[in-house]
Structure formats: structure tokens, C-alpha cells
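In what follows, a structure is listed as C-alpha cells, so that the remarks can point back to it.
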Amino acid sequence: MAIMQRALEQTGHESPDSSLIANPVARLALLHAEAEETARLANLLGRSLPTAVTLTVMAGLTLALGGAGLAQGITWIMFILSAAGALTLAWRRTITRPFERAALKSFSQDLNAILVFAGFAWGAGAFLVLPADANVGLVVLFTAGAGTAIAFVLRERESVFLFLAPIAALASFACVLRPLAGGALDAAFVLIACAAVMGSVAFAAHRDARLRGVTALAELPFA
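Below, the structure written as C-alpha cells:
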């Protein structure tokens, strides 16, 4: 959208709904912005199924290595499988129309809601599956490590934030309220580590947006 806005400003208009649509330069900028958004959402759709697989695999490894009780483990894995199943259903519903903007926008909204649920489901594992004597390294790996893995697969700033924020909140509460071995110190490390992941994702997204913007702007007739 930044490309379109620059085009609109250079043509002396502020809104794509005005008469500037008749202007070839502004129309080109508008079409480019729409194509860029469609491509971004289509890529996000393509990454959603690997995200569901990654979530399931991480949960399986956590249960295998964490030594959780049977009841707690079953409860937690059901939460995770519910999130992974919702991601899969959203992908399946939209994959038949992978380049329709309306379908992709609807999928994006569904994905955001699912990722919030997935974040709470994963964060609940701090209460259900992490051992009470878990050291700070294990707790940080469970929280920031999971966020890093999802960020690597999704590569979408807002989606990663929606997944990681509930994890950071629940895990830090678990450190203090459960409590885990490190208590408040573990909670501080969890928040710092999750903030570092979010900061890295934000920086990468900003850098990529600038690179795309410079490249696209250079291709427009008025550049």
C-alpha cells in the first residue's frame, strides 16, 4: 500500500476512490498494490499447512521429552490438535480459490483468530506439560523456541505476534503462579526472549517491505 500512497501523493490525490482512477499512473499503482496484497496473502495461505504440521511436530516432541502426566498430556495435545485441525480446515476451504482476494482476506482473518487460539493452547503447556523443576533454558525453549519456529515457517509479522503474545503471557504467569523452579526470574527471561523474537520478526518485515517498496517504485513510470 505504500507504493500506491506515493503514487497518489504525486498525482495530488489522497484516496483511490476519487477521480484519479482515470489517471494511468495512479491506476497502475493501485493495481500493483492489489497484486502485491494478493501475492502476500496467497503465500500466507501456502504456509498455513506447514504451520499446522510444525505445531503438531513440536507438540509431539515436547510430550516425548517433557515427561508430563497422562491426563495433562492428553488435554494439552487435544488443544494443539484442535488448533492444527482448524488451520488445516481453513487452508482446505481456501486452497480451491488461491488467488481470489475476497477468499484470501477471509482466510487471513480466520488465520489470525486460529493463531490466537493456538498461542493460548501452546501457552497452556506451561501449566500442563512443563515439569515443575524446569530450568530457565527449557522454559525459554518452550516459549521463544516455539515462536521462532512458527516465525520461520509463516514469515508474517502480525501472525507471529498473535501466536507468541499469549504464549509469553501464560508462560510468565506459570513461572510465578505454578510456580516453576526459577519463579519470577524465569518469567522475566521468558518475556525478554519472546520480545526479542518479536523484535527480530518486526525488523525482518520492515526490511523486506522497504526492499519491495524500492524495487516496485523504481518500476513505476513516474520513478
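Numbered per this note's numbering, the sequence shown spans residues 1265 to 1487.
For glycine and all other residues, C-beta sits at the position ideal for the given N, C-alpha and C.
Note that the coordinates shown come from a computational prediction; the quantities given were computed from them, not determined experimentally.
Determine the direct distance from the alpha carbon of residue j to that of residue i, and round the result to whole angstroms.
{"i": "residue 1405", "j": "residue 1362", "result": "35 angstroms"}
{"i": "residue 1375", "j": "residue 1464", "result": "21 angstroms"}
{"i": "residue 1436", "j": "residue 1407", "result": "10 angstroms"}
{"i": "residue 1419", "j": "residue 1373", "result": "16 angstroms"}
{"i": "residue 1480", "j": "residue 1471", "result": "Its pLDDT being 47, under 50, residue 1480 is placed unreliably by the model, and the measurement read from it follows with that caveat. Roughly 14 angstroms separates the two Cα atoms."}
{"i": "residue 1328", "j": "residue 1392", "result": "14 angstroms"}
{"i": "residue 1360", "j": "residue 1313", "result": "14 angstroms"}
{"i": "residue 1305", "j": "residue 1367", "result": "10 angstroms"}
{"i": "residue 1271", "j": "residue 1474", "result": "In this predicted model, residue 1271 has a pLDDT of only 43, less than 50, meaning its place in the structure is not dependable enough to derive any value."}
{"i": "residue 1344", "j": "residue 1300", "result": "32 angstroms"}
{"i": "residue 1425", "j": "residue 1307", "result": "18 angstroms"}
{"i": "residue 1388", "j": "residue 1457", "result": "18 angstroms"}
Here's the rule: buried if 16 or more other CB atoms are within 10 angstroms of the residue's CB, otherwise exposed. What is residue i?
{"i": "residue 1430", "result": "buried"}
{"i": "residue 1326", "result": "buried"}
{"i": "residue 1335", "result": "exposed"}
{"i": "residue 1449", "result": "exposed"}
{"i": "residue 1278", "result": "Low confidence applies to residue 1278: its pLDDT is 47, below 50, so where it sits in the model is not reliable enough to give any reading."}
{"i": "residue 1394", "result": "buried"}
{"i": "residue 1385", "result": "buried"}
{"i": "residue 1378", "result": "buried"}
{"i": "residue 1414", "result": "buried"}
{"i": "residue 1356", "result": "exposed"}
{"i": "residue 1438", "result": "buried"}
Looking at the unbroken alpha helix (DSSP H) that takes in residue i, where does it start and where does it end?
{"i": "residue 1411", "result": "1410 to 1418"}
{"i": "residue 1425", "result": "1421 to 1441"}
{"i": "residue 1259", "result": "There is simply no residue 1259 to check, as the chain begins at 1265 and stops at 1487 in what is shown."}
Residue i CB to nearest chain B CB: under 8 angstroms?
{"i": "residue 1466", "result": "The structure shown contains no chain B, having only a single protein chain."}
Entirely within the segment 1326 to 1391 and at least 4 residues each: give me those alpha helix (DSSP H) ranges in chain order.
1334 to 1358
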